[in-house]
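S.K.: Pasting a structure here, questions to come.
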Amino acid sequence: MKPASESLQHPDYLLLFDGVCHLCNSAVQFILKRDPSGSIHFASLQSEKAKQLLSRYSYDPSELSTVVLIAHGRLYTKSDAILRVAHKLSGAWPLCFYLGRLFPRPFRDFAYDWVAKNRYRWFGKQEQCMLPTAEIKSRFLD
Numbered sequence: 001m002k003p004a005s006e007s008l009q010h011p012d013y014l015l016l017f018d019g020v021c022h023l024c025n026s027a028v029q030f031i032l033k034r035d036p037s038g039s040i041h042f043a044s045l046q047s048e049k050a051k052q053l054l055s056r057y058s059y060d061p062s063e064l065s066t067v068v069l070i071a072h073g074r075l076y077t078k079s080d081a082i083l084r085v086a087h088k089l090s091g092a093w094p095l096c097f098y099l100g101r102l103f104p105r106p107f108r109d110f111a112y113d114w115v116a117k118n119r120y121r122w123f124g125k126q127e128q129c130m131l132p133t134a135e136i137k138s139r140f141l142d
């Protein structure tokens with residue numbers, strides 16, 4: 001996790017995802033249904049806003065192999081990002097945060113990297129980023 005080099009204006013929980021990845025888009029839809037408070041906001045990693053934010057966190061904005069969560073001014077990637085998102089969801093999903101942290105980060109990230117490496121082959125890829133519907137548009141930065 002990396003702190004920002006300067007103060008940024010964005011929601012407390014901002015998930016940056018690969019906008020052309022079917023698995024990532026499905027994950028966003030999953031989160032939207034299980035985040036009734038609407039605390040998690042989204043932006044595509046391919047967007048200009050995401051590139052600006054990531055560069056301020058000294059993170060390579062061209063890196064599309066991981067989901068990125070910016071939570072309360074801290075940047076989390078890979079399994080840490082996924083677990084922190086699970087912690088914010090309704091139902092039993094916060095339990096995943098606690099159970100997942102029982103495993104060492106290198107083990108979790110190895111599994112994450114394996115799925116990330118194969119996600120296009122297994123789940124496919126879109127030509128363009130998804131367009132949010134009117135009712136969820138406010139949760140997307142651009």
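The UniProt record's numbering applies: residue 1 is where the sequence shown begins, and numbers increase by one.
In this text, a Cβ means the ideal position worked out from N, Cα and C, and glycines have one as well.
1. Could you name the residues of the same chain whose beta carbon sits closer than 7 Å to that of Thr43, not counting the 5 residues immediately before and after it, in chain order?
2. Excluding the 5 residues flanking Leu8 on each side, which residues of the same chain have their C-beta closer than 7 Å to its C-beta?
3. Who pairs with Leu16 in a beta bridge, going by DSSP?
4. Return helix, strand or coil for Arg74, following the three-state DSSP convention.
5. For Lys117, which beta-bridge partners are listed by DSSP?
6. When the Cβ atoms of the region 29–38 are set against those of the region 55–71, are three or more pairs found closer than 8 Å?
7. Using only CA atoms, which one of Leu89, Asp80, Ser90 lies nearest to Phe107?
M.R.: According to the data block:
1. Going by the sequence as given, residue 43 is Ala instead of Thr. Counting only Cβ-Cβ distances below 7 Å, and skipping sequence neighbours, we find Leu14, Leu16, Lys49, Ala50, Phe140, Leu141, Asp142.
2. Bear in mind that a pLDDT of 49 at Leu8, under 50, signals an unreliable position, so the number given afterwards is only what the model happens to contain. Cβ within range, chain order: Leu53, Arg56.
3. Ala43, Val68
4. strand
5. Looking at the DSSP assignment, Lys117 forms no beta bridge with any residue, so it has no partner.
6. no
7. Asp80
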